[in-house]
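Only one structure is covered here, and it is reproduced in the block below.
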Amino acid sequence: MIQRIQTLYLLVVAILMGSLFFFPIAQLFGEQQEIYEFSFNGLRVLGEEELYVATWPTFVLLSIIVFIAFFSIFLFKKRVLQMRLNLFNMILMLGYIGLNYFYILNFDKQIGGKVAYELVTVFPLISIILTYLAIRSIGKDEALIRSIDRIR
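Each number in our numbering corresponds to the 1-based position in the sequence shown with 436 added.
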């Protein structure tokens with residue numbers, strides 16, 4: 437069962453959400469011509485290694501989302517648990533989107549500049565859609581297994 441389509445969906449979700457560890461989510465342009473970069477672990481001045489402001493909740497939430505997406509691939513024998521974990525993961529992704537939006541708006545107010553979102557900002561939305569498709573496929577598999585058990 438590991439070669440099913442939901443495995444591909446969940447693997448793409450894990451890759452997309454895992455890529456957020458490597459790319460910035462947004463750039464903020466301050467009034468003093470400083471450029472700040474918001475990533476998974478906080479806000480930093482562009483080109484510097486030291487964090488300007490650390491945001492641990494986004495780091496923890498993103499780590500949990502990637503772990504659940506990857507771990508649920510191997511729960512193919514427990515389809516109901518797999519569907520519930522993926523539903524919980526979708527809720528966490530919505531929370532991650534909201535938390536990022538909250539942090540970016542607050543940092544924008546503090547800096548007093550403009551925000552430029554990067555392409556990776558849409559990865560959580562794509563991941564939510566792919567997780568929904570995976571849940572649908574897992575549900576179809578569960579319905580098929582139950583219908584086969586009725587025939588016996």
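Glycine included, each C-beta is placed from N, C-alpha and C at the ideal position.
Straight across, the Cα-Cα distance linking D544 with L535 is about 14 Å. The C-alpha of S508 is placed about 35 Å away from the C-alpha of Y488. With 16 or more neighbouring CB atoms inside 10 Å of its own CB, Q442 falls in the buried class. Residue state for Q546 is assigned as helix, using DSSP reduced to three classes.
In the three-state DSSP reduction, F506 falls in the helix class (H, G or I). Beyond the five residues adjoining it in sequence on each side, A505 comes within less than 7 Å, by CB distance, of L446, V449, A450, M453, N525 in the same chain, given in chain order. Runs of the beta strand (DSSP E) spanning 3 or more residues and lying entirely within the region 445-516 occur at 462-465, 471-475, 478-481, 487-490, in chain order. Two segments are said to touch when three or more pairs of C-beta atoms, one from each, lie closer than 8 Å; by this definition the region 513-520 touches the region 557-576. Distance between V481 and L580, taken at the CA atoms: about 54 Å.
Taking a contact as a CB-CB distance under 8 Å, the pair I461 and V556 counts as one, their CB atoms being some 6 Å apart.
By the 16-neighbour rule on beta-carbons within 10 angstroms, L456 is buried.
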